[in-house]
Ligand SMILES: Cc1ncc(COP(=O)(O)O)c(C=O)c1O
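In this note's numbering, the protein residues as written are 23 to 402.
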């Protein structure tokens with residue numbers, strides 16, 4: 023389909039091309055190159071954690087983190103209102119996902135509901151910071167985790183740069199992950215990162231990331247010595263070209279976030295005047311990076327009709343998210359069913375994510391607003 027306005031586009035410039043070209047032209051260190059550690063150091067400094075460890079996706083980062091925390095055979099409380107990787111990572115690590123409700127303010131995990139679902143088998147909680155918004159209940163969730171001796175592992179895939187009272191998302195829990203997939207705040211095409219203050223988690227994750235290999239002073243490809251392997255691990259490493267791209271993207275993250283916020287404010291100013299449209303709001307002290315711009319409609323019928331109407335006008339939208347617990351694998355394997363999570367299911371019926379990216383121009387923004395206005399005028 024030839025859409026006039028896609029859901030997202032990556033922000034890029036000549037520096038990105040040069041950064042990747044430099045690694046390619048070097049003709050060596052395309053794997054395990056120096057740019058990887060440099061990117062990790064800069065991400066850790068940006069987020070405010072002691073360690074950062076890059077991965078070839080946010081999913082492999084989360085999977086590794088759950089292996090490092092050893093959730094095998096244990097329950098892990100997760101949102102159903104999330105991308106499926108949040109729950110899949112638990113299953114892949116041998117844990118049991120227990121779905122909890124999400125709240126309607128920031129679409130994060132609802133602390134009260136989480137607390138109700140804690141059992142003797144619970145080992146961890148994975149809060150979501152939805153679409154660039156810090157989760158409303160993140161501080162409450164940290165308290166709950168500490169009271170019950172649980173690990174709080176933030177799925178901050180969508181929210182690099184977001185903060186609450188200047189404390190960055192990614193530092194509220196015991197460890198966190200971010201994604202650099204193409205629709206994220208900054209991107210390396212595919213990629214992810216673990217951030218943590220724990221040396222132990224960092225060391226374990228490093229082993230799992232790379233075959234369980236004990237690294238020597240020189241990297242694997244440059245040493246004549248034989249490495250030992252002390253774990254069964256994966257190859258979840260980020261390629262050097264992508265780390266170089268990540269460094270170049272990170273250099274302009276402030277600009278990217280500022281552009282995203284400008285476009286989001288423009289949409290909110292105009293869409294909030296339309297009866298029947300509920301726009302995203304930042305809570306006091308919260309700073310959102312608007313990885314997504316999601317509105318709520320009155321009901322499922324209106325949402326679906328609007329989506330169809332906008333598609334006909336060439337405007338892409340998407341439902342982020344339909345509940346994970348209602349996907350076939352979770353119904354069949356874990357016995358989940360409709361009405362298990364009424365709040366989540368209600369949110370999923372009403373949510374619609376609109377296009378938002380740094381280079382959306384005024385004409386495109388007005389086109390989106392005008393068509394949503396027209397939809398509601400034609401309807402009434
Ligand atoms: C909430 C959430 N968790 C995890 C992931 C997984 O990240 P990736 O696509 O980089 O594997 C994503 C990305 O789409 C996400 O949105």
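Note that the Cβ used here is the ideal one computed from N, Cα and C, for glycine as well.
### Message
Here's a check: name, in chain order, each residue in its chain whose Cβ is nearer than 6 Å to the Cβ of residue 247, leaving out the five neighbours to either side.
### Response
Counted from its first residue, the chain shown places residue 247 at position 225. Correct list, in chain order: 238.
### Message
I want to check one thing, is the minimum distance from the CB of residue 84 to the heavy atoms of ligand 1 below 7 Å?
### Response
Looking up residue 84 in the chain shown gives position 62. Yes, the beta carbon of residue 84 sits closer than 7 Å to at least one heavy atom of ligand 1.
### Task
Assign residue 77 to one of three DSSP states: helix, strand, or coil.
As a working note, residue 77 is residue 55 in the chain shown. Residue state, collapsed to three classes: strand.
### Query
For residue 177, is the beta carbon positioned less than 7 Å from some heavy atom of ligand 1?
Mapped onto the chain shown, residue 177 falls at position 155. Yes, the Cβ of residue 177 comes within 7 Å of a heavy atom of ligand 1.
### Query
Sorry if obvious, but does the Cβ on residue 192 come closer than 7 Å to a heavy atom of ligand 1?
On the chain shown, position 170 is the one that residue 192 refers to. No; taking the cut-off as 7 Å, the Cβ of residue 192 has no heavy atom of ligand 1 nearer than that.
### Query
Using CA coordinates, which residue listed in 52, 35 and 42 is at the minimum distance from residue 243?
Position 221 of the chain shown, counting from 1, holds the residue named residue 243. Closest option to residue 243, Cα to Cα, is 52.
### Message
Please state whether the Cβ-Cβ distance between residue 140 and residue 170 is less than 8 Å.
### Response
Start at 1 with the first residue of the chain shown, and residue 140 comes out as number 118. Start at 1 with the first residue of the chain shown, and residue 170 comes out as number 148. Closer than 8 Å, so yes.
### Query
Is residue 71 closer than 8 Å to residue 211 when the C-beta atoms are compared?
Taking the chain shown and counting its residues from 1, the one referred to as residue 211 is at position 189. Taking the chain shown and counting its residues from 1, the one referred to as residue 71 is at position 49. Contact flag unset, no.
### Query
Can you tell me whether DSSP reads residue 129 as helix, strand or coil?
For this step, residue 129 is matched to residue 107 along the chain shown. If DSSP states are grouped into helix, strand and coil, residue 129 belongs with coil.
### Endpoints, the alpha helix (DSSP H) within which residue 207 is located
The residue given as residue 207 occupies position 185 in the chain shown. That residue, residue 207, is in no alpha helix (DSSP H); it is neither H nor E in DSSP.
### Query
Quick one: is the Cβ of residue 370 within less than 7 Å of any heavy atom of ligand 1?
Numbered from 1 along the chain shown, position 348 holds the residue referred to as residue 370. No, the Cβ of residue 370 stays beyond 7 Å of every heavy atom of ligand 1.
### Query
Does DSSP classify residue 72 as helix, strand or coil?
By one-based count along the chain shown, residue 72 stands at place 50. Coil, per DSSP.
### Cβ contact (3+ pairs, closer than 8 Å) linking the stretch 309-318 and the stretch 146-159
yes
### Message
By alpha-carbon positions, which one of 359, 400, 176 and 348 ends up nearest to residue 85?
### Response
Stepping through the chain shown from its first residue, residue 85 is reached at position 63. Among 359, 400, 176 and 348, the Cα nearest to that of residue 85 belongs to 176.
### Message
DSSP three-state label for residue 223, please.
### Response
As a first step, residue 223 must be located in the chain shown, where it is residue number 201. Residue 223: helix per DSSP, three-state reduction.
### Task
Express the C-alpha separation of residue 160 and residue 124 in angstroms, rounding to a whole number.
Translated into positions along the chain shown, residue 124 becomes position 102. Translated into positions along the chain shown, residue 160 becomes position 138. Cα-Cα distance, rounded: 12 Å.
### Cα-Cα separation between residue 222 and residue 369, rounded to whole angstroms
The residue you call residue 222 lines up with position 200 of the chain shown. The residue you call residue 369 lines up with position 347 of the chain shown. Answer to the nearest angstrom: the Cα atoms are 38 Å apart.
### Task
Would you decide whether residue 396 is buried or exposed? Buried here means 16 or more other CB atoms lie within 10 Å of its CB.
For the purposes of this step, residue 396 is taken as residue 374 along the chain shown, with counting starting at 1. It is exposed - the Cβ of residue 396 has fewer than 16 other Cβ atoms within 10 Å.
### Message
Assess contact between the stretch 311-329 and the stretch 353-373, defined as three or more Cβ pairs (one per stretch) separated by less than 8 Å. Is contact present?
### Response
yes
### Query
Quick check: the stretch 213-229 against the stretch 102-109, are there 3 or more CB pairs under 8 Å?
no
#### Entry: Span of the alpha helix (DSSP H) around residue 113
Residue numbering aside, residue 113 sits at position 91 when the chain shown is read from its first letter. Residue 113 -> alpha helix (DSSP H) spans 107-114.
### Message
Spatial neighbours of residue 250 within its chain, please: C-beta separation below 6 Å, excluding the five flanking residues on both sides.
### Response
Locating residue 250 in the chain shown gives position 228, counting from the first residue. So the qualifying residues of the chain are 236.
### Task
Just mark residue 95 as buried or exposed, buried being the case when its beta carbon has 16 or more other beta carbons within 10 Å.
As a first step, residue 95 is located in the chain shown; it is residue number 73 there, counting from the start. When all chains shown are included, residue 95 counts as exposed.
### Task
State whether the stretch 374-390 contacts the stretch 272-290, with contact taken as three or more CB pairs (one from each stretch) at a distance under 8 Å.
yes
### Message
Is it the case that the stretch 110-129 contacts the stretch 381-394, given that we only count it when at least three CB pairs across the two stretches are under 8 Å?
### Response
no
### Range of the contiguous beta strand (DSSP E) that encloses residue 368
Counted from its first residue, the chain shown places residue 368 at position 346. Residue 368 -> not in any beta strand (DSSP E); alpha helix (DSSP H) instead, spanning 364-372.
### Task
Could you say which of 390, 131, 272 and 127 lies nearest to residue 306 if we only look at CA atoms?
Along the chain shown, read from residue 1 onward, the residue named residue 306 stands at position 284. Ranking 390, 131, 272 and 127 by Cα distance to residue 306 puts 127 first.
### Query
Do residue 279 and residue 207 come within 8 Å of each other at the CB atom, strictly closer than that value?
As a working note, residue 207 is residue 185 in the chain shown. As a working note, residue 279 is residue 257 in the chain shown. The answer is yes: Cβ separation under 8 Å.
### Task
With residue 218 as the anchor, note down where its beta strand (DSSP E) starts and where it stops.
Here residue 218 corresponds to residue number 196 of the chain shown, with the count starting at 1. That run of the beta strand (DSSP E) goes 214-218.
### Query
If you draw a straight line from the alpha carbon of residue 91 to that of residue 224, how long is it in whole angstroms?
Translated into the one-based positions of the chain shown, residue 91 becomes position 69. Translated into the one-based positions of the chain shown, residue 224 becomes position 202. Near 11 Å, if we compare the C-alpha coordinates of residue 224 and residue 91.
#### Entry: Within 8 Å, strictly: CB atoms of residue 135 and residue 146
Reading the chain shown from its first residue, position 113 is the one you call residue 135. Reading the chain shown from its first residue, position 124 is the one you call residue 146. No. Outside cutoff.
### Query
Rounded to whole angstroms, how far is the Cβ of residue 66 from the Cβ of residue 73, which I believe are closer than 8 Å?
Mapped onto the chain shown, residue 66 falls at position 44. Mapped onto the chain shown, residue 73 falls at position 51. That pair is a contact at about 6 Å.
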